[in-house]
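*Asks:* Residue numbers (my numbering), protein chains in the order written: chain A, 180 to 487; chain B, 44 to 137.
By construction, the Cβ of each residue, glycine as well, lies at the ideal position given by its N, Cα and C atoms.
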């Protein structure tokens with residue numbers, strides 16, 4: 180037995196797997212578990228589908244834990260699933276959302292890396308794939324998507340933390356996610372990816388300083404999203420396109436999903452602003468998740484109302 | 044394999060004031076093993092950007108000297124990474 184799962188603590192991969200089973204058993208009408216693939220080390224990649232069985236409804240895809248050491252990210256996905264199921268029928272907004280749309284939640288994207296960060300190296304970022312002609316392990320999954328892949332003078336050195344892989348979608352994890360999103364493209368109206376840290380709400384593009392056609396709309400949603408987030412604990416987030424708000428990146432999941440046709444894509448960089456960095460204490464999990472929940476619910480409400 | 048320990052590893056915060064100072068950090072990254080926390084790679088370091096990076100105990104002295112030499116203001120956000128890693132589990136099982 181993996182031990183007791185807790186929403187107020189960081190959970191190991193074994194606990195998260197057991198938790199996914201528990202959620203399906205507890206809420207069989209609302210939660211189902213889909214295995215979308217496996218990792219290099221043959222761990223399963225699970226997506227939890229939250230909502231009714233109707234496939235034609237609008238949906239939002241959300242992933243957590245693309246970078247192994249960003250532990251607050253998977254904690255949020257677990258929190259989201261728990262809150263969605265717990266407040267359905269009690270909270271007006273959540274009830275409306277789940278009555279009319281589905282959420283696909285990937286609680287841990289980079290499973291092998293997450294396990295490694297628990298057992299061997301807390302500061303691990305990449306996945307755990309082996310690289311040809313190098314002893315260095317891993318690809319940065321958020322540089323591995325097929326969108327302007329490796330376009331910047333990044334690095335082809337597998338020893339670097341931002342190594343984009345030998346080719347786009349070379350990684351099993353990336354391929355599993357892109358296949359899933361492509362096969363559900365008709366219903367997926369928004370893509371949300373959860374990272375840490377630096378307190379930002381980002382949208383495309385990262386690979387160019389050009390702005391997406393619906394930049395004004397994305398800016399408006401991000402502004403209100405960060406305003407809503409700050410109402411609980413006055414946590415200050417900044418927002419904007421990736422390239423100008425952080426720095427230019429290529430091969431990111433956000434840009435890939437946008438160019439595929441999911442025109443509402445957002446990346447959260449959760450707490451904090453640098454005091455703890457990737458080592459946010461467990462005592463801040465609850466407040467971080469609660470405030471983030473407000474912003475995600477706002478985005479979902481917006482998607483429900485403004486997309487066709 | 045024994046888990047990696049981070050005893051006395053440090054996290055520096057530097058805000059380069061001009062291109063020259065940004066280049067100092069980029070150069071340090073070429074000769075030392077810096078793990079960039081923000082931005083996520085040395086090549087993204089730019090003027091007026093808040094840069095956080097992790098460095099081993101062994102290399103931290105020479106990094107500090109280089110920053111001092113170039114009159115760069117810095118802050119040590121984390122003095123002992125291992126201690127902070129252990130402290131992150133600050134919620135008791137209920």
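On the criterion of 16 or more Cβ atoms from any shown chain inside 10 Å, does residue 183 (chain A) qualify as buried, or is it exposed?
*Replies:* If you number the first chain from 1, residue 183 (chain A) lands on position 4. Under this definition residue 183 (chain A) is an exposed residue.
*Asks:* In chain order, what residues of the same chain have a beta carbon less than 8 Å from the beta carbon of residue 440 (chain A), not counting five sequence neighbours either side?
*Replies:* Counting from 1 along the first chain, the entry for residue 440 (chain A) is found at position 261. For residue 440 (chain A), where only same-chain residues beyond five positions count, the Cβ hits under 8 Å are 364.
*Asks:* How big is the Cα-Cα spacing for residue 434 (chain A) and residue 471 (chain A)?
*Replies:* The residue you call residue 434 (chain A) lines up with position 255 of the first chain. The residue you call residue 471 (chain A) lines up with position 292 of the first chain. If you take the alpha carbons of residue 434 (chain A) and residue 471 (chain A), they lie about 22 Å apart.
*Asks:* If you follow the alpha helix (DSSP H) that residue 253 (chain A) is in, where does it begin and where does it stop?
*Replies:* As a working note, residue 253 (chain A) is residue 74 in the first chain. Looking at the DSSP string, the run of the alpha helix (DSSP H) that includes residue 253 (chain A) is 251 to 266.
*Asks:* Determine, using beta carbons only, whether residue 329 (chain A) and residue 429 (chain A) come nearer to each other than 8 Å.
*Replies:* What you label residue 329 (chain A) is simply residue 150 of the first chain in a count that begins at 1. What you label residue 429 (chain A) is simply residue 250 of the first chain in a count that begins at 1. Cβ atoms of residue 329 (chain A) and residue 429 (chain A): closer than 8 Å.
*Asks:* Could one say the Cβ of residue 299 (chain A) lies closer than 8 Å to chain B's Cβ atoms, at least one of them?
*Replies:* Translated into the one-based positions of the first chain, residue 299 (chain A) becomes position 120. For residue 299 (chain A), the answer is yes, since a Cβ of chain B falls inside 8 Å of its Cβ.
*Asks:* With a threshold of 8 Å between beta carbons, is residue 425 (chain A) in contact with chain B?
*Replies:* Residue mapping note: residue 425 (chain A) aligns to position 246 of the first chain, counting from 1. Cβ-Cβ to chain B under 8 Å: yes for residue 425 (chain A).
*Asks:* Given 8 Å as the limit, is there contact between the segment 442 to 450 of chain A and the segment 376 to 390 of chain A, that is, 3 or more CB pairs closer than that?
*Replies:* Touching, per the Cβ criterion.
*Asks:* Looking at the strands, I want to know which residues DSSP matches up with residue 281 (chain A).
*Replies:* Taking the first chain and counting its residues from 1, the one referred to as residue 281 (chain A) is at position 102. DSSP lists A:238 as partners of residue 281 (chain A).
*Asks:* Indicate whether residue 279 (chain A) and residue 236 (chain A) have their beta-carbon atoms separated by less than 8 Å.
*Replies:* Counting from one through the first chain, the residue named residue 279 (chain A) turns up at place 100. Counting from one through the first chain, the residue named residue 236 (chain A) turns up at place 57. In contact: residue 279 (chain A) and residue 236 (chain A) (Cβ atoms closer than 8 Å).
*Asks:* Along the chain, where does the alpha helix (DSSP H) that runs through residue 404 (chain A) open and close?
*Replies:* Residue mapping note: residue 404 (chain A) aligns to position 225 of the first chain, counting from 1. Per DSSP, residue 404 (chain A) belongs to the alpha helix (DSSP H) from 394 to 412.
*Asks:* Return helix, strand or coil for residue 322 (chain A), following the three-state DSSP convention.
*Replies:* Here residue 322 (chain A) refers to the residue found at position 143 of the first chain. Looking at residue 322 (chain A) - three-state DSSP - the assignment turns out to be helix.
*Asks:* Between residue 238 (chain A) and residue 367 (chain A), how many whole angstroms is the CB-CB distance? I'm expecting something under 8 Å.
*Replies:* Here residue 238 (chain A) refers to the residue found at position 59 of the first chain. Here residue 367 (chain A) refers to the residue found at position 188 of the first chain. Right, the Cβ-Cβ distance comes to about 5 Å (below 8 Å), so this counts as a contact.
*Asks:* Count Cβ pairs between the segment 261 to 271 of chain A and the segment 218 to 226 of chain A that sit closer than 8 Å; are there 3 or more?
*Replies:* As far as the Cβ criterion goes, the segment 261 to 271 of chain A does not touch the segment 218 to 226 of chain A, which means the pair count is below three.
*Asks:* What residue does the alpha helix (DSSP H) around residue 352 (chain A) start on, and which one ends it?
*Replies:* Indexing the first chain from 1 puts residue 352 (chain A) at position 173. First-last of the alpha helix (DSSP H) with residue 352 (chain A): 351 to 362.
*Asks:* Round the Cβ separation of residue 375 (chain A) and residue 249 (chain A) to the nearest angstrom and send it over; I've been treating them as touching at under 8 Å.
*Replies:* Taking the first residue of the first chain as position 1, residue 375 (chain A) is located at position 196. Taking the first residue of the first chain as position 1, residue 249 (chain A) is located at position 70. Indeed, because the Cβ distance is near 4 Å, the residues count as touching under 8 Å.
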